[in-house]
Every structure is written in structure tokens, then in C-alpha cells.
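Participant: One structure coming up, written as C-alpha cells, with questions to follow.
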Amino acid sequence: MADKNMPMREALRMALREEMIRDERVFVMGEEVGAWQGTHRVTRGFLEEFGEKRVRDTPISEMAIAGAAVGAAMAGLRPVAEIMTINFAFLSLDAIVNHAAKIHYMFNGQFRVPMVIRAASGWGDQATATHSHTPEPIFAHFPGLYVGCPATPRDAKGMLKAAIRDDNPVLFTESIALYPKPGFVPEEDDFVLPIGKADIKREGRHVTLVTYARGVEWSLQAAEQLAKEGVECEVVDLRWLRPLDTATVFESFQKTNRCVVVEESLPYYSVGSEIAAQIQEHMFDYMDAPVKRVSAMDVPLPYAREIELMALPNAQKVVDAVREII
Amino acid sequence: MAEIDKPMLLEWYRQMFLIRQFENQCDVLYKEKKITGVYMHLYSGLEATGVGALAALRPSDHVITAYRDHGIALARGMDPKVAMAEMMGKRTGCSGGKGGSMHLASREHNFWGGYAIVGGHLPLAAGIALESRYNGKDDVVLSFIGDGATNNGYFHEAVNLSAVWDLPVVWLIENNGYGMGTPVEVASGQPELHKRAVAYGIKDMGRVDGQNVVDVYNVVTKAVEYARKKGPVLIESLTYRYKGHGVSDRSYDKLAELRDWQQKDPILVLQDYLCKHFECIEEELKDIERAEMAAVHAAVEFAEDSEAPTYEDLISHIYVEE
Ligand SMILES: Cc1ncc(C[n+]2csc(CCOP(=O)(O)OP(=O)(O)O)c2C)c(N)n1
Ligand SMILES: [Mg+2]
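Residue numbers (this note's numbering), protein chains in the order written: chain E, 4 to 329; chain Z, 2 to 323.
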């Protein structure tokens with residue numbers, strides 16, 4: 004089968020649909036996933052195809068959506084729960100952190116929690132302060148949970164399928180800005196990518212750009228521009244914030260001896276903080292420059308377009324950061 | 002409904018006596034610093050609610066509760082040895098010494114655990130019940146709820162979800178009068194907690210005397226039948242905690258109130274019932290008591306002789322690894 008060009012939302016839909024066909028235990032639940040066809044159209048047509056039993060509209064109950072998914076998963080089903088946007092997952096935080104992530108450990112392996120929480124994430128559409136979060140690092144803080152954040156339609160399919168098939172709870176975020184972006188996707192229904200494996204999206208020998216999700220696009224654009232000046236960037240797409248593929252990051256760093264971390268999230272206690280700490284701790288002898296970080300500005304996100312864009316990272320900010328350490 | 006016969010009553014007596022002994026022993030062991038940590042919430046005084054409710058279930062049905070879980074675990078059939086070992090943080094404990102007093106569980110008994118975040122287990126109960134419906138089974142979930150927990154958002158969301166999804170859940174409120182130090186009337190705009198059922202359009206099974214194991218059994222049996230065939234129900238059991246909220250309690254100064262409740266102690270109530278209905282039962286009860294005291298004694302010995310968890314245990318079961 005040839006790869007097919009499609010937007011990321013269709014790649015996600017394909018993955019989810021294939022897994023529902025493959026495994027009767029897989030079902031979707033969440034606000035507006037059924038009759039409304041999904042807020043982001045990822046479950047378009049599902050209600051008609053799979054029926055009410057497996058496409059379950061819920062009340063606006065984020066605590067119960069996450070918590071009921073935990074219970075259903077413990078009992079042997081494989082729920083894929085949609086939280087409309089990650090901003091609302093703060094209401095689910097307890098169920099995710101205290102139950103999804105802890106139950107296997109706390110009861111010494113008696114129960115498994117094979118569930119996926121999908122949530123749309125990101126900002127840049129004047130969605131304002133409460134609707135502009137990218138809190139993936141918060142979730143990645145907790146052992147017991149996996150956190151996946153795809154950057155391309157191909158990865159979206161392979162990673163979501165891996166998340167659904169895995170016996171551990173997974174928080175899976177989908178960048179809103181990436182939903183319409185096209186890319187080539189394998190049509191095979193056994194296309195599954197390994198959990199916790201980063202991907203080199205571009206090879207280079209001067210600087211390592213460590214990034215994920217939307218940051219991959221900015222990093223690739225920056226790499227393109229810098230290449231014209233003779234600076235070769237290697238773009239490491241983490242794909243998973245947990246498990247964190249430090250091996251791939253270190254391997255790249257040993258070659259380049261320089262690193263910029265690029266992320267859409269806030270700067271404090273971030274992926275940038277973590278990667279910088281890991282590099283100074285384990286790669287000190289290879290360091291030729293401080294690790295730089297490009298992220299959102301440390302502000303609540305405003306409405307007005309002019310100032311919202313100031314706060315957002317972009318390719319130019321990545322280029323500037325690279326120039327500082329080269 | 003199964004006719005309540007003498008063997009059933011004696012079994013309930015055995016369970017209630019075991020729980021009381023177990024809890025008394027935990028109290029002693031805590032004072033001796035053999036059970037450690039900052040959390041331990043005893044089930045003394047609530048035995049009739051737990052034992053009567055669980056007697057209404059079949060083994061394939063499911064049970065879930067909050068952190069006041071020792072009595073539920075024992076009534077569901079957990080070996081007192083593994084329960085006590087968990088209390089002492091031993092690797093032979095039901096949760097390998099990683100869960101402690103508030104996190105007893107037994108997969109093989111369909112006892113899905115004790116949970117320490119108030120209300121946190123309520124949506125889990127809904128999810129477990131969903132599996133039953135999803136797979137065309139007729140097993141029900143019995144979910145205990147503290148009176149205090151009825152005021153947190155989980156209660157609202159989980160009970161409402163059970164209503165709109167028609168889930169086979171028996172929601173059983175253990176109204177012991179307090180959430181930590183706050184009386185029900187202070188915390189709840191509607192202190193008749195069973196009336197909350199109306200708000201969700203689910204079956205209201207009213208209040209039951211939680212000191213009387215026969216009454217609890219009868220009403221929960223009806224509730225289970227209803228949940229199996231139709232959908233969720235809510236019951237409120239009126240009971241009392243003898244040992245205060247937990248070991249974190251400061252002075253417990255409600256002695257007069259405690260004495261009132263002890264007049265209708267669940268074990269005494271059942272004793273009276275048995276003595277009224279069966280002649281010369283005293284000796285049989287004494288035999289049961291001796292056996293259960295010995296069982297708790299053996300449990301303590303087992304726990305004391307067990308190994309502490311190791312570094313391997315510390316780092317195992319963080320993720321499922323195949
Ligand atoms: C979400 C949450 N808030 C607060 C607490 C602290 N806390 C533990 S038990 C408790 C009282 C709960 O009372 P109730 O539900 O009536 O149960 P009971 O202890 O009477 O069995 C509180 C406030 C907690 N564990 N979780
Ligand atoms: Mg209470």
C-alpha cells in the first residue's frame with residue numbers, strides 16, 4: 004500500500020477507526036464525540052459506523068470522563084476518552100494523576116489501566132488566557148503515565164495506535180494548529196510506532212534542536228534558514244515526553260555539542276528545563292555552549308492579535324537562539 | 002430474596018466480630034508503633050453497614066470504597082493475614098506494602114480497592130459498571146460513599162453519569178454523621194442525603210438503620226436486584242464511627258454521643274436478634290468469637306514475621322512491563 008496524503012485529523016481518525024475495528028474492547032467517550040461528530044472531527048462518522056455502545060457522548064463532566072475511563076480500563080475495556088481541549092483536563096487532573104497513573108503501582112500490579120486520554124492542545128488563535136494552554140509537561144511529571152505529542156500525520160497515526168494497544172495509561176495531545184496540516188501516512192493497519200522513541204526529523208552536525216509537537220515545524224523552518232548560512236541543525240522530535248528518549252538526545256548532542264530546546268509551552272519547569280538539566284548532568288564533557296530555550300513567553304495569553312503573537316515562539320526566535328550559541 | 006437463615010446470621014456475626022477485633026488490634030498496634038504512618042481510619046461501629054451490604058452481592062459483583070476500607074476488605078473475604086501485613090507495610094500485604102491502610106484491594110474478590118481522594122473512586126465505580134453493561138453481563142457495582150464525599154464534584158458527576166448511561170451501580174452512602182470534624186448538617190444543604198437521588202432521576206431507596214445488619218441486607222438486596230435489571234439506585238445508611246475520623250484526630254470529645262450510639266451497637270443488635278430467635282445460641286457465638294480472635298492473632302503474627310518490601314518492590318509496577 005502506498006502512503007496517502009491527509010491532514011493530521013484524518014490520520015488520527017484512521018488510527019482510531021482501525022483500532023476500533025480491530026478490538027471490540029476499544030471505545031470512545033467524551034463530550035460531543037458522537038452526534039456532533041467530534042469537536043475536532045476526529046470521530047466524524049463514528050456514531051453511525053460503531054453505534055451508541057462504542058461511541059459514547061458524555062455530559063460536561065471532565066472528572067467523571069477521566070475517572071470512568073479509569074474504572075472501565077481496570078475492568079478490561081480499552082477506553083479512548085476525549086477531553087475536548089486540554090484546558091479542561093485540569094478538571095480531570097486528579098483522576099489522571101491520582102488514579103490512572105497510580106493504580107497499577109499502589110495496588111502492586113493487581114490492576115492495569117489501559118486507557119488513552121486524547122486532548123487537543125495549543126494556542127495562537129486568540130483563544131485567550133483560559134483556552135490557550137499547552138500543559139503537557141505537567142502531565143509528564145508523573146511516573147505511571149505516558150505522554151505522547153505527535154508532530155506529523157504519520158506519527159499521529161503510529162503513536163495513537165501504540166497508545167491504544169499499550170496496557171498503560173497514556174495522555175495523548177493533538178496540536179490544534181496541526182489538525183489541518185497534511186502529510187503522508189501509511190495506510191497499513193499494523194503501522195504502529197514504538198512508545199518512547201524520538202525521531203530525527205532532520206540531520207545536521209552543528210546544533211541539536213530538541214522539540215516536539217508544533218515546535219517541530221518551527222525548528223525545521225529555522226533549520227532551513229540556517230542551512231543557507233552554513234549552519235546545519237539536527238532536529239530531534241521527542242514525540243513522547245514520557246518515556247523521554249534521552250538516549251537519542253545525547254547521541255545527537257555528542258555530535259553537535261550544542262542544543263536549543265523549542266517548545267510551545269511555558270518556560271518554567273518545562274521540557275526545556277528538563278533537557279537542559281539532563282544535558283548538563285550527563286553530557287557535561289561534550290558541552291561547547293549553554294543550552295538555550297525557546298518557548299512561549301512567561302505571560303498569560305492575551306486576546307489582541309498583535310500581543311498574542313509576540314508571546315508565541317516562531318522560527319525566527321529559534322534562528323536567533325541558535326545564532327547566540329554558534 | 003434469599004430467606005435469612007441461621008447460618009447466614011452466624012456468618013454475619015462472624016464477619017462483624019472479626020472486623021471489630023481486627024480494628025481493635027490495629028488501634029493497639031498503632032499505639033505500639035507497629036502500624037505506622039499518618040493515616041488509619043477504623044471501621045469500628047460501621048460493621049453492620051458493610052457486612053449487610055456485601056452479603057447482598059454475588060462473587061461476580063463488584064465492590065469499591067474510600068479509605069475506611071478494612072471492614073469492606075474483610076467482609077469481602079480478604080484473608081486477615083494479608084490485610085494485616087498491608088497495615089504493617091509488609092511485602093506479603095495485599096498491595097505488597099505499597100498501598101497501606103487506605104489502599105487495600107483484592108482483584109480476585111472483585112474488591113477494587115480503597116481510595117484516599119474523597120470522591121475519587123466514584124467515577125471508577127461507574128466505569129467498572131460500564132464494563133458489565135458493555136459486555137452484556139448482569140454484575141453490579143456496590144460503591145460506598147462517605148457523607149462528606151457527597152459534597153464533592155465527583156459525586157455529582159459520577160452519579161449523573163450512572164443515570165444517563167443507565168449503569169448498574171448501587172450507591173450506598175455511609176452517613177456516619179461527620180466528614181472529619183464537620184457534621185452533615187453543617188456541610189450539606191439537604192442533610193437527608195438519599196434525597197439527592199431525585200436530582201439525578203435515579204431510584205431513591207431511602208434511609209436504612211445502619212446499625213442493623215438484617216435491615217441493611219434487606220434493603221441492599223432490593224437495591225441490587227433493581228440495579229441488575231434497571232439502573233442506579235441510592236441508599237443512605239445511618240451509622241457512626243466509634244474511633245473518630247482516624248489516627249490524625251485531635252481530642253475526640255463526643256463521648257455522650259458515642260455512648261448513645263453504642264446502645265445500638267451493631268454487634269449487640271445482632272446478638273439480641275440471634276438470642277431472641279434461637280435458643281441456647283450463646284455457646285455458638287462464643288465459639289465464633291474465640292475463632293476470630295485467634296484469626297486476628299494469627300494475622301498479627303503473620304504480618305510481624307513477614308519481610309519488608311525491597312528496592313525491587315520500590316521500582317516495580319510503575320508501568321505494566323511485558
Ligand atoms: C479531595 C479530598 N479532599 C479532602 C480530603 C481530606 N479528607 C480525608 S477524609 C475527609 C472526610 C471525608 O468524610 P466522609 O466522606 O464522610 O467519610 P468518613 O471519613 O466519614 O468515612 C477529608 C475531608 C481528601 N482526602 N480528599
Ligand atoms: Mg462521614
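Glycine included, each C-beta is placed from N, C-alpha and C at the ideal position.
1) Under the criterion of a Cβ to heavy atom distance below 7 Å, does ASN153/Z qualify as lining ligand 2?
2) Which residue's Cα is closest to the Cα of GLY202/Z: ALA188/Z, ARG208/Z, ASN177/Z, GLY232/Z?
3) Just checking my contact of ASN177/Z with TYR241/Z at CB under 8 Å: how many whole Å lie between their CB atoms?
4) Since THR50/Z and GLU226/Z are thought to touch, with beta carbons under 8 Å apart, how far apart are those beta carbons, to the nearest angstrom?
5) Check the Cβ of ASP170/E against every Cβ in chain Z and list those closer than 8 Å, keeping chain order.
6) Looking at the structure shown, is TRP113/Z part of a helix, part of a strand, or coil, going by DSSP?
7) Residues of the stretch 125–149 of chain Z in Cβ contact with chain E at a cutoff of 9 Å, in chain order, please.
8) Whose CB is closer than 6 Å to a heavy atom of ligand 2? List the residues in chain order.
9) With a floor of 3 residues, list each beta strand (DSSP E) that falls wholly inside the stretch 227–268 of chain Z, ordered by position along the chain.
10) Please compile the residues from chain Z whose C-beta is within a distance smaller than 9 Å of the C-beta of PRO140/E.
11) Just to confirm the assignment, what range does the alpha helix (DSSP H) spanning TYR326/Z have?
12) Could you name the residues of chain E that GLY99/Z contacts, counting a contact when the two beta carbons are closer than 9 Å?
13) Does any CB atom of chain E fall closer than 8 Å to the CB of TRP172/Z?
14) Let me know the secondary structure DSSP gives TYR179/Z once reduced to three states.
15) Would a C-beta distance cut-off of 8 Å place PRO185/E and MET9/E closer than the cut-off?
16) For a cutoff of 8 Å on Cβ pairs, would you count ASN101/E as touching chain Z?
17) Shorter than 7 Å, the distance from the beta carbon of HIS42/Z to the closest heavy atom of ligand 1, or not?
18) Hey, would you say the C-beta of GLU175/Z is under 7 Å away from at least one heavy atom of ligand 1?
19) Would you say the beta carbon of ILE65/Z comes nearer than 7 Å to a heavy atom of ligand 1?
20) Does the distance from the CB of MET103/Z to the CB of GLY115/Z come in under 8 Å?
21) Mark LEU223/E as exposed unless 16 or more other C-beta atoms lie within 10 angstroms of its C-beta, in which case mark it buried.
22) Name, going along the chain, the residues of the stretch 112–123 of chain E whose beta-carbon falls closer than 7 Å to a beta-carbon of chain Z.
23) Using beta carbons (cut-off 8 Å, strictly below), is VAL165/Z in contact with chain E?
24) Enumerate in chain order the residues of its own chain whose CB-to-CB distance from TYR44/Z is below 7 Å, with the five nearest sequence positions on each side excluded.
25) Using a Cβ-Cβ distance cut-off of 8 Å, determine whether PRO197/E contacts chain A.
26) Per DSSP, what kind of secondary structure is ILE3/E in: helix, strand or coil?
27) In whole angstroms, what is the alpha-carbon distance linking THR151/Z and VAL160/Z?
28) Judging by CA-CA distance, which residue of LYS255/Z, VAL199/Z, ALA76/Z, ARG59/Z is the nearest neighbour of MET17/Z?
29) What separation, rounded to the nearest whole angstrom, lies between the Cα atoms of VAL322/E and GLU235/E?
30) Going by DSSP, what residues sit across from CYS262/E in a beta bridge?
31) Which residue from ALA117/Z, LEU173/Z, ALA57/Z puts its Cα closest to that of ASP140/Z?
32) Measure the alpha-carbon distance for THR37/Z versus ALA299/Z and round it to whole angstroms.
33) Mind checking which residues open and close the alpha helix (DSSP H) that includes ASN161/Z?
34) Could you tell me whether any non-hydrogen atom of ligand 1 is closer than 7 Å to the CB of GLY120/Z?
35) For ASN25/Z, name the three-state secondary structure that DSSP assigns.
36) Just to confirm the assignment, what range does the alpha helix (DSSP H) spanning ARG326/E have?
Facilitator: On the basis of the data shown:
1) no
2) GLY232/Z
3) 5 Å
4) The pair is not a contact, with the Cβ atoms about 19 Å apart (cut-off 8 Å).
5) VAL321, GLU323
6) strand
7) LEU125, ALA126, ALA127, GLY128, ILE129, ALA130, LEU131, GLU132, SER133, ARG134, TYR135, ASN136, VAL142
8) GLY147/Z, ASP148/Z, GLY149/Z, ASN177/Z, TYR179/Z, GLY180/Z
9) 234–239
10) Those within 9 Å of PRO140/E in chain Z number zero; the least Cβ separation is about 19 Å.
11) Outside the displayed range of chain Z (2 to 323) lies residue 326/Z, so it cannot be described from this structure.
12) Checking the displayed sequence, the identity of residue 99/Z turns out to be Lys instead of Gly. Per Cβ cutoff of 9 Å: TYR108, MET109, PHE110, ASN111.
13) no
14) strand
15) yes
16) yes
17) yes
18) yes
19) no
20) yes
21) buried
22) GLY112, GLN113, PHE114, ARG115
23) yes
24) ILE20, GLU24, GLY51, ARG69, HIS71, GLY72
25) Protein chains in the displayed structure are E and Z, and chain A is not among them.
26) For chain E, the structure presents residues 4 to 329; residue 3/E sits outside this window and is missing.
27) 10 Å
28) ALA76/Z
29) 12 Å
30) THR211/E
31) ALA57/Z
32) 20 Å
33) 154–165
34) yes
35) helix
36) 318–328
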